[in-house]
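Numbering (this note's numbering), first residue to last: 7 to 448. Worksheet for the structure shown next.
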RNA sequence: GCCGCGGUGGCCCAGUGGUACGGCGCCAGACUUGAGAUCUGGUUCCCUUGUGGAUCGGGAGUUCGAAUCUCUCCCGCGGCGCCA
């Protein structure tokens with residue numbers, strides 16, 4: 007959540023921010039009205055409580071002196087009743103105010119392009135050498151910086167669904183039968199390729215100073231509510247029936263919640279954590295999109311980067327996390343572009359977000375495979391994660407980024423590494439030590 | 001799942017109905033050439049900063065008053081049961 011003190015002192019910052027995000031500023035108006043009446047009522051309640059405490063102390067001393075206290079008892083009982091009544095009202099205002107505060111989005115960084123739809127995301131850079139079908143050249147040129155390198159082909163790459171099914175590497179039909187749409191069975195060498203991706207990513211981040219963590223795959227309400235905006239995401243999360251548990255949608259959730267309510271030493275920071283976990287997502291509202299294959303699924307494995315750091319370092323870390331993900335893609339041989347996501351597309355948590363979009367030659371498109379976000383102090387404040395300084399406790403900043411989401415990367419490999427002549431898939435060189443094979447054929 | 005014992009400020013710990021004791025650590029000041037030792041003050045949160053309010057794992061209750069009594073939930077430890 008946002009800093010309430012900052013909100014009280016710099017209203018205009020938050021009204022500007024709503025404008026940038028194309029959001030109704032009505033929650034801000036409501037906050038100020040509620041906050042005002044809350045503060046007035048708090049004052050009255052505290053005055054009454056003060057009186058109650060005074061009388062109680064007096065009763066204590068009178069009892070010691072063996073004097074009569076029955077009339078004082080009546081007085082304090084009356085005060086107590088007024089307090090109870092006012093506290094009920096105060097609590098209800100407080101609840102409402104807190105709900106409103108939680109809906110107020112994080113301040114968007116000045117470097118974020120201000121616009122509504124994702125067609126206005128800023129292209130930051132392109133890297134690699136995409137193989138582009140001749141029909142896709144103009145799309146490619148429009149969506150990359152001038153001079154981006156690519157090669158042209160007349161052969162359209164086969165879609166990953168057809169290729170992987172033909173090679174006996176996925177079974178979508180049976181997954182539909184047993185679990186439903188957007189589930190899959192991975193088979194044979196594709197399973198080993200996935201494990202290779204994960205092992206490679208873990209080694210990759212280990213070497214770059216990350217602590218490797220396999221977290222709980224479920225979280226209780228309090229943790230989930232603090233680590234993400236549940237109002238926005240509850241439709242995306244699976245809830246366990248009859249239990250206070252949600253399946254995580256990313257390792258960001260359990261890794262962030264891991265330090266909930268803790269006070270760190272300044273010397274503990276920064277903390278780089280790589281979370282390895284499955285991700286469970288309802289993908290509600292994505293009807294009709296990417297319905298075939300394993301590009302958009304309810305369950306996939308992901309290696310996630312997460313950083314807890316001091317505020318003055320978080321912008322450097324956003325670049326570091328992005329670089330880790332870019333280097334990973336490059337090392338595999340995947341061409342991609344980086345986009346700076348525009349203000350209207352950011353989640354309430356994000357101050358800024360980069361996506362890495364890989365080139366998918368069969369689709370003839372750049373598609374998202376990595377998201378790197380700086381949530382500044384927004385998530386740290388909801389989680390109440392602080393660190394000690396000479397000037398009191400400060401809220402940590404948090405950032406997260408995909409390192410690799412396996413299913414999407416498998417799709418990218420299937421589309422970019424298929425070999426027309428043999429009909430098989432070659433394994434990216436860096437993965438061969440992990441797979442033990444360099445080619446997948448039928 | 002059952003039984004027992006626990007949960008007190010950053011850490012340790014006292015407190016069995018009268019408003020949270022003490023120690024350690026940390027911060028600031030004094031003393032010192034500096035450090036240490038010592039002394040003094042501070043060191044959870046809230047608000048409109050006061051002779052203010054809240055806070056003893058969470059919630060509810062009894063009471064004028066609850067860390068303390070009651071109920072309930074959570075977590076930890078030990079034992080039993082179940083189990084890959």
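Glycine residues also receive a C-beta, built at the ideal position from the N, C-alpha and C atoms.
For residue i, the residue or residues it bridges with in DSSP
i: residue 159; result: 139
i: residue 441; result: Answer is none; residue 441 lacks a bridge partner.
i: residue 308; result: 283, 411
i: residue 346; result: 128, 360
i: residue 278; result: 313
i: residue 404; result: 314
Euclidean distance between Cα positions of residue i and residue j
i: residue 235; j: residue 61; result: 44 angstroms
i: residue 196; j: residue 175; result: 6 angstroms
i: residue 11; j: residue 70; result: 45 angstroms
i: residue 198; j: residue 428; result: 20 angstroms
i: residue 318; j: residue 274; result: 15 angstroms
i: residue 223; j: residue 283; result: 7 angstroms
i: residue 457; j: residue 177; result: Since the first and last residues shown for the chain are 7 and 448, residue 457 lies out of range.
i: residue 4; j: residue 399; result: No answer is possible for residue 4: the residues shown for the chain start at 7 and end at 448.
i: residue 470; j: residue 439; result: Outside the displayed range of the chain (7 to 448) lies residue 470, so it cannot be described from this structure.
i: residue 265; j: residue 300; result: 33 angstroms
i: residue 228; j: residue 200; result: 33 angstroms
i: residue 253; j: residue 244; result: 5 angstroms
i: residue 104; j: residue 330; result: 37 angstroms
i: residue 412; j: residue 202; result: 10 angstroms
i: residue 92; j: residue 54; result: 10 angstroms
i: residue 368; j: residue 143; result: 13 angstroms
i: residue 302; j: residue 286; result: 11 angstroms
i: residue 4; j: residue 107; result: Residue 4 lies beyond the stretch modelled for the chain, which goes from 7 to 448, so this question has no answer here.
i: residue 14; j: residue 86; result: 32 angstroms
Residue i classed as buried or exposed, judged by whether at least 16 other C-beta atoms fall within 10 angstroms
i: residue 415; result: buried
i: residue 226; result: exposed
i: residue 212; result: exposed
i: residue 5; result: The structure shown does not extend to residue 5, since the chain is modelled only from 7 to 448, so the question has no answer here.
i: residue 116; result: exposed
i: residue 326; result: buried
i: residue 256; result: buried
i: residue 204; result: buried
i: residue 150; result: buried
i: residue 410; result: buried
i: residue 382; result: buried
i: residue 7; result: buried
i: residue 375; result: buried
i: residue 408; result: buried
i: residue 309; result: buried
Reduced DSSP secondary structure (H/G/I, E/B, other) of residue i
i: residue 7; result: coil
i: residue 264; result: coil
i: residue 191; result: strand
i: residue 225; result: strand
i: residue 392; result: strand
i: residue 214; result: coil
i: residue 3; result: This structure gives no information on residue 3, because the portion of the chain shown stretches from 7 to 448.
i: residue 206; result: helix
i: residue 256; result: coil
i: residue 234; result: coil
i: residue 133; result: strand
i: residue 38; result: helix
i: residue 27; result: coil
i: residue 315; result: strand
i: residue 219; result: strand
Beta strand (DSSP E) segment containing residue i, residue limits
i: residue 371; result: 371-380
i: residue 398; result: 398-401
i: residue 303; result: No beta strand (DSSP E) contains residue 303, which DSSP labels as neither H nor E.
Range of the contiguous alpha helix (DSSP H) that encloses residue i
i: residue 167; result: 166-172
i: residue 424; result: Taken as a continuous stretch (DSSP letters only), residue 424 belongs to no alpha helix (DSSP H), as it is neither H nor E.
i: residue 81; result: 76-109
i: residue 337; result: 320-338
i: residue 181; result: 178-184
Near the ligand MN: residue i beta-carbon under 7 angstroms from a heavy atom
i: residue 164; result: No copy of the ligand MN appears in this structure; indeed no ligand is present at all.
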